[in-house]
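For the sequence shown, this note's numbering assigns the number 348 to the last residue and increments by one with no breaks. Cβ atoms here follow ideal geometry from the backbone N, Cα and C, with glycine treated the same way. Everything numeric in this text was worked out from a predicted model, so none of it was measured. Take a look at the structure below.
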Amino acid sequence: MDKGKSVVAELAASFSDVRVAPRQNRKPKSFLPSPSFYSFSKKAKPRKLVSLCLGTLGQHLEDIIADISEFAALFPPHIKLAIMSIARRRRLLNDEVLTSLAESSWEILDISGSDVTDAGLATVANVCSNLRAVDISRCDKITTAGVSEIVCHCPSLEILRCGGCPRSEVTARRCLNHLKPKLNTLEGDSWEELDTLDIGGGAESLRWLIWPKIDDNSKETLAAECPRVTVNPQPSLFDLSGSKVPVEALASVPLDHSIVEDIDPKTWAISAAPRRPVAPPNPNAPPEIPIAERFRLAYVEREARLAPKRAKRERQQWRRAERDYMMNDIDARSIALAAQASRNLRKS
Numbered sequence: 001m002d003k004g005k006s007v008v009a010e011l012a013a014s015f016s017d018v019r020v021a022p023r024q025n026r027k028p029k030s031f032l033p034s035p036s037f038y039s040f041s042k043k044a045k046p047r048k049l050v051s052l053c054l055g056t057l058g059q060h061l062e063d064i065i066a067d068i069s070e071f072a073a074l075f076p077p078h079i080k081l082a083i084m085s086i087a088r089r090r091r092l093l094n095d096e097v098l099t100s101l102a103e104s105s106w107e108i109l110d111i112s113g114s115d116v117t118d119a120g121l122a123t124v125a126n127v128c129s130n131l132r133a134v135d136i137s138r139c140d141k142i143t144t145a146g147v148s149e150i151v152c153h154c155p156s157l158e159i160l161r162c163g164g165c166p167r168s169e170v171t172a173r174r175c176l177n178h179l180k181p182k183l184n185t186l187e188g189d190s191w192e193e194l195d196t197l198d199i200g201g202g203a204e205s206l207r208w209l210i211w212p213k214i215d216d217n218s219k220e221t222l223a224a225e226c227p228r229v230t231v232n233p234q235p236s237l238f239d240l241s242g243s244k245v246p247v248e249a250l251a252s253v254p255l256d257h258s259i260v261e262d263i264d265p266k267t268w269a270i271s272a273a274p275r276r277p278v279a280p281p282n283p284n285a286p287p288e289i290p291i292a293e294r295f296r297l298a299y300v301e302r303e304a305r306l307a308p309k310r311a312k313r314e315r316q317q318w319r320r321a322e323r324d325y326m327m328n329d330i331d332a333r334s335i336a337l338a339a340q341a342s343r344n345l346r347k348s
């Protein structure tokens, strides 16, 4: 295990040197290669070195996940986010892993289908106050308490994904009151006349709600009391209000797709493969013989089958040796002839 930690430390040191160049320091467009340079297919494009290292780390994530809190501080924030995305896909994401990797600079949080609870979500909400997109779909252990923490501590929340399983559907219906903005003043004839200071609570910045199986009552409630929120936006350049729909608001694209896009999916396909159902044992079946006992019984059966052949072979070898001895040794031949003559004399 110490060797694994040292390898992780070396990877973390290499990751810390990788930085995205600021926009002002990037080369002008004129310095970029011509379009013909990229004429080869996208599939043939080599992966980045950071992605290859993350893929190697992801393949052995089960071996180091128990001690992830010890070396999580060695990684930069974007590498921690990639490790969390791989852990989610490998069904290893829980409260301990999430809180160990959480960074205040994160803007998206995808914990869909994980074992994260309200306690872990509340801790991350206090740390990552700059979140603008959160996916809590298919999370059986998250209730309205966890959603309330996200709404209270993340004022920049614009995109929320929920539902996907029976428990999450119930949570989504119950948390509508937390999403509704609470007004400090009732002056004004419409929502468009309200200023930011007039909205004193609720999801102030929420613009897109991804809830694929939303019921009609919830949809009508959101349309009447949260007209600024677009439910289940469709893939298009602009929504009904004229604003561009971000990729994070499309249900067909995973929220953390851009984070692991360049990482080999085989790194998480090992655990993601469904397990084959095991047939229950038959109580009337005889007990299974251990493999060592099977080898012993097979050896005994083989010895019993070959014993007559071995005995016959030994008798033939003895007779052949006796005949050769008498044919080649003069004393033995004279003794044999004398014995034969004495027997003939006794008979006569």
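Proximal residues to residue i (C-beta, below 6 angstroms), its chain only, five neighbours per side dropped
{"i": "CYS175", "result": "THR144, VAL147"}
{"i": "ARG343", "result": "none"}
{"i": "VAL247", "result": "VAL253"}
{"i": "GLY164", "result": "SER137, ARG138"}
{"i": "SER69", "result": "SER100"}
Proximity to residue i [Cα-Cα], best of the options
{"i": "ILE64", "options": "GLU96, VAL231, ALA119, PRO46", "result": "GLU96"}
{"i": "PRO265", "options": "ARG333, ALA298, GLY55", "result": "GLY55"}
{"i": "GLU62", "options": "ARG167, VAL253, ARG88, GLN317", "result": "ARG88"}
{"i": "LEU250", "options": "ASN282, ILE79, PRO77, CYS162", "result": "CYS162"}
{"i": "HIS153", "options": "ARG167, LYS213, HIS178, GLU322", "result": "HIS178"}
{"i": "ASN232", "options": "SER334, HIS78, LEU160, LYS309", "result": "LEU160"}
{"i": "PHE71", "options": "ARG315, GLU314, ALA102, CYS165", "result": "ALA102"}
Contacts around residue i, its chain only, beta-carbon distance under 7 angstroms, and the 5 residues preceding and following it disregarded
{"i": "LEU81", "result": "TRP106, ILE259"}
{"i": "SER30", "result": "Its pLDDT being 39, under 50, SER30 is placed unreliably by the model, and nothing is read from it."}
{"i": "GLN340", "result": "none"}
{"i": "LEU98", "result": "MET84, ILE111, VAL116, GLY120, VAL124"}
{"i": "ARG315", "result": "none"}
Whether residue i touches residue j by CB criterion (9 angstroms)
{"i": "ARG138", "j": "GLY120", "result": "no"}
{"i": "SER205", "j": "GLU158", "result": "yes"}
{"i": "LEU208", "j": "VAL245", "result": "Checking the sequence, you will find Trp at residue 208 rather than Leu. Yes, they are a contact pair."}
{"i": "ILE83", "j": "LEU57", "result": "yes"}
{"i": "ILE214", "j": "SER51", "result": "no"}
Nearest-angstrom beta carbon gap, residue j and residue i [assumed within contact, 8 angstroms]
{"i": "ILE111", "j": "LEU93", "result": "6 angstroms"}
{"i": "LEU255", "j": "ILE108", "result": "6 angstroms"}
{"i": "ALA125", "j": "GLU149", "result": "4 angstroms"}
{"i": "ILE211", "j": "ALA172", "result": "Looking at the sequence provided, one finds Trp at residue 211 rather than Ile. Right, their Cβ atoms sit about 6 angstroms apart."}
{"i": "CYS128", "j": "SER104", "result": "6 angstroms"}
{"i": "PRO117", "j": "LYS141", "result": "Pro is not the amino acid found at residue 117; the sequence shown has Thr there. Correct: roughly 4 angstroms between the Cβ atoms."}
{"i": "LEU336", "j": "MET326", "result": "One detail in the question is off: residue 336 reads as Ala in this sequence, not Leu. The Cβ separation is near 6 angstroms, so the contact holds."}
{"i": "THR267", "j": "GLN59", "result": "5 angstroms"}
Cβ-based neighbour list, residue i, same chain, cut-off 8 angstroms, excluding 5 preceding and 5 following
{"i": "ARG302", "result": "none"}
{"i": "LEU218", "result": "According to the sequence shown, residue 218 is Ser rather than Leu. Closer than 8 angstroms at Cβ, skipping near neighbours: ALA172, ARG173, LEU176, TRP211."}
{"i": "SER168", "result": "ILE136, SER137, ARG138, CYS139, ASP140, ILE142, CYS162"}
{"i": "ARG333", "result": "MET326, MET327"}
Inset, instruction - Enumerate, from N- to C-terminal direction, the unbroken beta strand (DSSP E) stretches of 3 or more residues contained entirely within the segment 78–110. - result: DSSP runs (the beta strand (DSSP E)) wholly in the segment 78–110: 108–110.
Inset, instruction - Only counting runs of 3 or more residues, tell me where the beta strand (DSSP E) segments fall wholly within the segment 112–179, in order along the chain. - result: Segments of the beta strand (DSSP E) lying fully in the segment 112–179: 133–135, 159–161.
Inset, instruction - Scan the segment 205–241 and note each continuous beta strand (DSSP E) run of 3 residues or more that stays entirely inside, going in chain order. - result: The segment 205–241 contains these whole beta strand (DSSP E) runs: 208–210.
Inset, instruction - Return the chain-ordered ranges of every alpha helix (DSSP H) run that is complete within the segment 268–340 and spans a minimum of 4 residues. - result: The segment 268–340 contains these whole alpha helix (DSSP H) runs: 291–328.
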